[in-house]
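The next block holds one structure in the form of structure tokens; read it before the comments.
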Amino acid sequence: METFEVRTTSRTEYVEITRQVCEIVERSGVERGAALVCVPHTTAAVTVNEHADPDVMSDLMTALSSLVPRHGSYAHAEGNADAHVKAVLVGSSALLPIEGGKVVLGTWQGVFFCEFDGPRRRRVTVQVLACGAAGR
Amino acid sequence: METFEVRTTSRTEYVEITRQVCEIVERSGVERGAALVCVPHTTAAVTVNEHADPDVMSDLMTALSSLVPRHGSYAHAEGNADAHVKAVLVGSSALLPIEGGKVVLGTWQGVFFCEFDGPRRRRVTVQVLACGAAGR
Amino acid sequence: METFEVRTTSRTEYVEITRQVCEIVERSGVERGAALVCVPHTTAAVTVNEHADPDVMSDLMTALSSLVPRHGSYAHAEGNADAHVKAVLVGSSALLPIEGGKVVLGTWQGVFFCEFDGPRRRRVTVQVLACGAAGR
Chain A
1 METFEVRTTS
11 RTEYVEITRQ
21 VCEIVERSGV
31 ERGAALVCVP
41 HTTAAVTVNE
51 HADPDVMSDL
61 MTALSSLVPR
71 HGSYAHAEGN
81 ADAHVKAVLV
91 GSSALLPIEG
101 GKVVLGTWQG
111 VFFCEFDGPR
121 RRRVTVQVLA
131 CGAAGR
Chain B
1001 METFEVRTTS
1011 RTEYVEITRQ
1021 VCEIVERSGV
1031 ERGAALVCVP
1041 HTTAAVTVNE
1051 HADPDVMSDL
1061 MTALSSLVPR
1071 HGSYAHAEGN
1081 ADAHVKAVLV
1091 GSSALLPIEG
1101 GKVVLGTWQG
1111 VFFCEFDGPR
1121 RRRVTVQVLA
1131 CGAAGR
Chain C
2001 METFEVRTTS
2011 RTEYVEITRQ
2021 VCEIVERSGV
2031 ERGAALVCVP
2041 HTTAAVTVNE
2051 HADPDVMSDL
2061 MTALSSLVPR
2071 HGSYAHAEGN
2081 ADAHVKAVLV
2091 GSSALLPIEG
2101 GKVVLGTWQG
2111 VFFCEFDGPR
2121 RRRVTVQVLA
2131 CGAAGR
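Protein chains in written order, with our numbering: chain A, 1 to 136; chain B, 1001 to 1136; chain C, 2001 to 2136.
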């Protein structure tokens, strides 16, 4: 398993991590399989969506903030309950297929780290799984 | 990795793909493992939910449309920002366990392709992962 | 694949299942890989989030109920359409990395079963995937 760091600079923010993930997969030497990208955090998430127009991810962050308001009738005393809810809705991991030693992504797809309670130093882990002997 | 095509006929629509996924897994010869079902698109998604009553998936599509309205204050100029947000909420992949050479699904579970910006020709990929030598 | 049971006692409820998942992984003997945790149900889900303060998961359940109201204009006649929608938003599975024979979770992360249409007897399955021979 490999780990890399992401530094965020505001409370909500997305950071593209496609390059880091692809490099780890290429270094692994795995020809066919899948790459599990995880955040070991509970107020951040990982997703796969459009990387061509930055407005798309920015609209996503805005839409999430209107779905899950920052100040609501939350019991959690730290004031970041909204960040936990957003993290669950987006998900703490993504699994990407590997073929020919490379991550398979659609033309418009990129991998994104989503920060919901920054700014912070965050970590992302990548575990590369091979298809296995029986995988023809 | 195998790929198959899904054709959608309206803007939002779900298409059951359980049979195609199960056939690919059976052809793979993998006895124990997991099947990674992905859409290489950013305005479509994959999910696992009830296949017995079509009203369930249809209610899901309606509920998503009321959570994420088509026309909001989005920055993305293509007019399909809502479709990207829905795709992230549902997710671009599903991972299904394989045991005894077959996909393991609950009695009521089916695998569904979700279209949020059709009609289009779409692709679905399936990567079959074996448990591996150390998986007892 | 291993299976264990979860009994829920109210309509919406979360149950921490981290211990059961970790024990299955340790028994499997897999040193490096990933554990696929699934619910074979369509009105329940699995997620990874904070286990230290129970208010976090309880706020999540409340936030989901306000996003997806129990009584809306649903077509599904069983009266639990909201539970299906919540199950899709949270997701029916989680994939956790394994390293050194153990599940890798962040300091604050736990694994949770989410009930959206209880009380019921539910099942959770865990399929342990090894990294495979080519996974260096």
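Positions of the beta carbon are idealized from the N, C-alpha and C atoms, including for glycine.
* In its own chain, which residues sit with a C-beta less than 8 angstroms from the C-beta of residue 14 of chain A, not counting the 5 before and 5 after it? -> Excluding five sequence positions before and after residue 14 of chain A, the CB atoms of its chain that fall closer than 8 angstroms to its own CB belong to 57, 58, 60, 61, 112, 113, 114 and 115, given in chain order.
* **Three-way DSSP call (helix, strand, coil) for residue 36 of chain A in this model** => Judged by DSSP in its simplified three-state form, residue 36 of chain A adopts strand.
* Determine the burial state of residue 125 of chain A: buried for a count of at least 16 other Cβ atoms within 10 Å of its Cβ, exposed for fewer. => Buried is the call here.
* To do: Can you give me the start and stop residues for the beta strand (DSSP E) that residue 1046 of chain B sits inside?
  => 1044–1050
* Residues near residue 2063 of chain C by beta carbon distance below 7 angstroms, same chain, minus five either side -> Scanning its chain for C-beta atoms nearer than 7 angstroms, with the 5 sequence neighbours on each side dropped, one finds no residue around residue 2063 of chain C.
* Asked: Which two residues bound the contiguous alpha helix (DSSP H) that contains residue 27 of chain A?
  -> 18–28
* Asked: Do you know offhand how far residue 2086 of chain C's Cα is from residue 85 of chain A's?
  -> If I take the Cα positions, the gap works out to 12 angstroms.
* residue 1008 of chain B to residue 1109 of chain B, Cα distance in whole Å? -> 21 angstroms
* Asked: By the criterion of Cβ-Cβ separation under 8 angstroms, what are the contact partners of residue 2009 of chain C in chain A?
  -> Per Cβ cutoff of 8 angstroms: no residues; residue 2009 of chain C is ~20 angstroms from chain A at best.
* To the nearest angstrom, how far is it from the Cα of residue 1025 of chain B to the Cα of residue 127 of chain A? -> 23 angstroms
* Asked: Would the stretch 85–103 of chain A and the stretch 2090–2097 of chain C be scored as touching if the rule is three or more Cβ pairs under 8 angstroms?
  -> yes
* Of the choices B:1081, B:1021 and B:1065, whose alpha-carbon is the least far from that of residue 1002 of chain B? -> B:1021
* Could you give the uninterrupted runs of the alpha helix (DSSP H) lying entirely in the stretch 2039–2127 of chain C, keeping only those of 4 residues or more? -> Those alpha helix (DSSP H) runs which fall completely within the stretch 2039–2127 of chain C and span 4+ residues are 2054–2067 and 2081–2090.
* For residue 6 of chain A, I'd like the list of residues in its chain whose CB is within less than 7 angstroms of its CB, leaving aside the five on either flank, ordered along the chain. => So the qualifying residues of the chain are 15, 17, 113, 122 and 124.
* residue 90 of chain A versus chain B: which residues are under 8 angstroms apart at the beta carbon? -> 1088 and 1089
* **Closer than 7 angstroms at the beta carbon, the chain B residues around residue 49 of chain A** => 1042, 1084, 1087 and 1088
* Take residue 1134 of chain B and list the residues in its own chain whose beta-carbon comes closer than 8 angstroms to its own, dropping the five residues that flank it on each side. => Note that residue 1134 of chain B scores a pLDDT of 49, beneath 50, so its modelled location is shaky; the value from the coordinates is reported in the next line. Hits under 8 angstroms: none found.
* Asked: Short check: CB of residue 2118 of chain C to CB of residue 2010 of chain C, under 7 angstroms?
  -> yes
* Asked: Taking all protein chains shown into account, do 16 or more other C-beta atoms lie within 10 angstroms of the C-beta of residue 1107 of chain B, making it buried, or fewer, making it exposed?
  -> exposed
* **Interface residues of the stretch 1099–1116 of chain B facing chain C [CB-CB below 8 angstroms]** => 1099, 1104, 1105, 1106, 1107, 1108 and 1109
* If you measure beta-carbon to beta-carbon, which residues of the stretch 1017–1028 of chain B are closer than 9 angstroms to chain C? -> none
* May I have the straight-line CA-CA distance separating residue 66 of chain A from residue 2104 of chain C, to the nearest angstrom? => Going from the Cα of residue 66 of chain A to the Cα of residue 2104 of chain C covers about 32 angstroms.
* Asked: Would residue 1057 of chain B count as contacting chain A if we go by Cβ distances under 7 angstroms?
  -> no
* When burial is assigned at 16 or more other CB atoms within 10 Å of the CB, is residue 19 of chain A buried or exposed? -> So residue 19 of chain A ends up on the exposed side.
* Return yes when the Cβ of residue 43 of chain A is within less than 7 angstroms of the Cβ of residue 77 of chain A, no when it is not. => no
* My understanding is that residue 100 of chain A touches residue 31 of chain A, with C-beta atoms under 8 angstroms, so please give their C-beta distance in whole angstroms. => 7 angstroms
* Beta carbon proximity, residue 1097 of chain B to chain C, threshold 7 angstroms -> yes
* Three-state class that DSSP yields for residue 2008 of chain C in the structure shown -> In this structure, DSSP gives residue 2008 of chain C a state outside helix and strand, which the three-state scheme calls coil.
* Any C-beta of chain B sitting closer than 7 angstroms to the C-beta of residue 2012 of chain C? -> no
* residue 1045 of chain B burial status per 10 Å Cβ neighbour count (16 or more: buried) -> buried
* **Proximal chain A residues relative to residue 2072 of chain C, where beta-carbon distance stays under 7 angstroms** => Going along chain A, no residue has its Cβ under 7 angstroms from residue 2072 of chain C, so there is no contact; the nearest lies around 16 angstroms.
* **Cutoff 7 angstroms: residue 1035 of chain B Cβ touching any chain C Cβ** => no
* According to the neighbour-count rule (16 or more other Cβ atoms, all chains shown, within 10 Å of its Cβ), is residue 1033 of chain B buried or exposed? -> It is buried - the Cβ of residue 1033 of chain B has at least 16 other Cβ atoms within 10 Å.
* To do: Using three-state DSSP, classify residue 2031 of chain C as helix, strand or coil.
  => coil
* Asked: How close, in whole Å, do the beta carbons of residue 2047 of chain C and residue 39 of chain A come, if the pair is a contact with beta carbons under 8 angstroms?
  -> The pair is not a contact, with the Cβ atoms about 13 angstroms apart (cut-off 8 angstroms).
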